[in-house]
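Participant:
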Amino acid sequence: MPSQFAAYLRVYEPLTAFAPERERFWRRYVDEGRAVGVSDGPGRQRATVLEALGAGWSRLPDLPDEAYVMQGLTGQAEVTLVCPWNLRVRVAEAALQARDGVPQVLADAFVPPVLVDLAQTVVEQTRAEDRMHEQVATWGVPLRWFVLVSPAERDLVLEPTRRVLRYRTEIGKARQRAHKGLRVLRRTLGDVPITDSLRETARWLESFHPGSVVELDYGGLTGLLPEEALRDDDSVELVATGLAGLEREDGDAATAAYEQLVQRWRAIQLMERSN
């Protein structure tokens, strides 16, 4: 489930990427001004999922279709792009997570086995199609996400009532960076966890329309970091430096960049442990 202490990786697709019926739905959704802002969306998602968890569990509930919306450019033309929430899958994931670490009797009472089978089917089908437009990471930003963006794409807003740190890039650029990083990791490190996770991310990106936009949003993490840390955050640069060091077989440079990156996020990691 989304958390206020979470970062997000989103893909916004142009309306024309959807099947005709869905395209018409999203056009009405945008025209009617129903879109939820990214600052309010995580809380809305969390509230909806928690409410659905208490719905009796005779079936997965019907949930409204919601999405984030942004305007982008294709050539010289402005286009509308949407990032659907897919709340049904969020509820299915929450149902499965709710059973983790709970005695069998209590787990079955809260989430009946028949619903577990349905939830598992929903999650597996979605994963097979790679159609989740938003990935969520709590208490930090996965290293592989930093590979997809560049420092020039950074957007930082520090206002009394609004703090934002995000990167937005064309999906074609994100794919190129992912595949380049993957080549470097395969050649230098082989099939280690970071290679596997970046491979999964690269494969996920390939499932979307070429006119899409990728967004890396620090989300609620901006509330955990002081302004100075947000201004000075150079995680994207450090990951690029580490990959460059690996590419030229300079292990010392790659290690130094990785250690600096760990130090940048140490405060957040300590907060997670204390929480």
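With the UniProt record's numbering, the residue at position 250 of the sequence shown is 250, and numbering never jumps. Every residue, glycine too, gets a C-beta built ideally from N, C-alpha and C. Since the structure is predicted, the reported quantities are computational estimates derived from the model, not experimental observations.
Quick one: which unbroken alpha helix (DSSP H) runs of 4-plus residues sit fully inside the segment 191-217? Chain order, please.
Facilitator: 193-205
Participant: Please determine, among 175, 198 and 176, the residue with the shortest C-alpha to C-alpha distance to residue 185.
Facilitator: 198
Participant: Whose C-alpha, out of 51, 78, 45 and 35, is nearest the C-alpha of residue 212?
Facilitator: Answer by Cα proximity: 78.
Participant: My assumption, with CB atoms under 8 Å, is that residue 257 sits in contact with residue 270. Please give the rounded CB distance.
Facilitator: With a Cβ gap of about 21 Å, residue 257 and residue 270 do not count as contacting.
Participant: Give the DSSP-derived three-state secondary structure of residue 269 in the structure shown.
Facilitator: helix
Participant: Between residue 148 and residue 222, how many whole angstroms is the CB-CB distance? I'm expecting something under 8 Å.
Facilitator: So it is not a contact: roughly 19 Å between Cβ atoms.
Participant: Taking 7 Å as the cut-off, decide whether the C-beta atoms of residue 156 and residue 227 are in contact.
Facilitator: Cβ atoms of residue 156 and residue 227: not closer than 7 Å.
Participant: What is the DSSP secondary structure of residue 138, counted as helix, strand or coil?
Facilitator: If DSSP states are grouped into helix, strand and coil, residue 138 belongs with the strands.
Participant: From residue 205 to residue 214, what distance separates their C-alpha atoms?
Facilitator: 9 Å
Participant: Consult DSSP for residue 176 and reduce its assignment to one of helix, strand or coil.
Facilitator: helix
Participant: On the DSSP bridge list, what partners appear for residue 72?
Facilitator: 79
Participant: Of all the options 19, 17 and 264, which has the alpha carbon lying nearest to the alpha carbon of residue 142?
Facilitator: 264
Participant: For the beta strand (DSSP E) that contains residue 158, what are its first and last residues?
Facilitator: 154-159
Participant: Whose C-beta lies closer than 7 Å to the C-beta of residue 172 among residues of the same chain, with five residues either side of it excluded?
Facilitator: 210
Participant: Please list, in chain order, all residues of the same chain as residue 247 whose beta carbon is under 6 Å from its beta carbon, the five residues on each side excluded.
Facilitator: 184
Participant: Just the C-alpha distance for residue 174 and residue 168, rounded to the nearest angstrom, thanks.
Facilitator: 10 Å
Participant: Any idea what DSSP makes of residue 13, helix, strand or coil?
Facilitator: The three-state secondary structure of residue 13, taken from DSSP, is strand.
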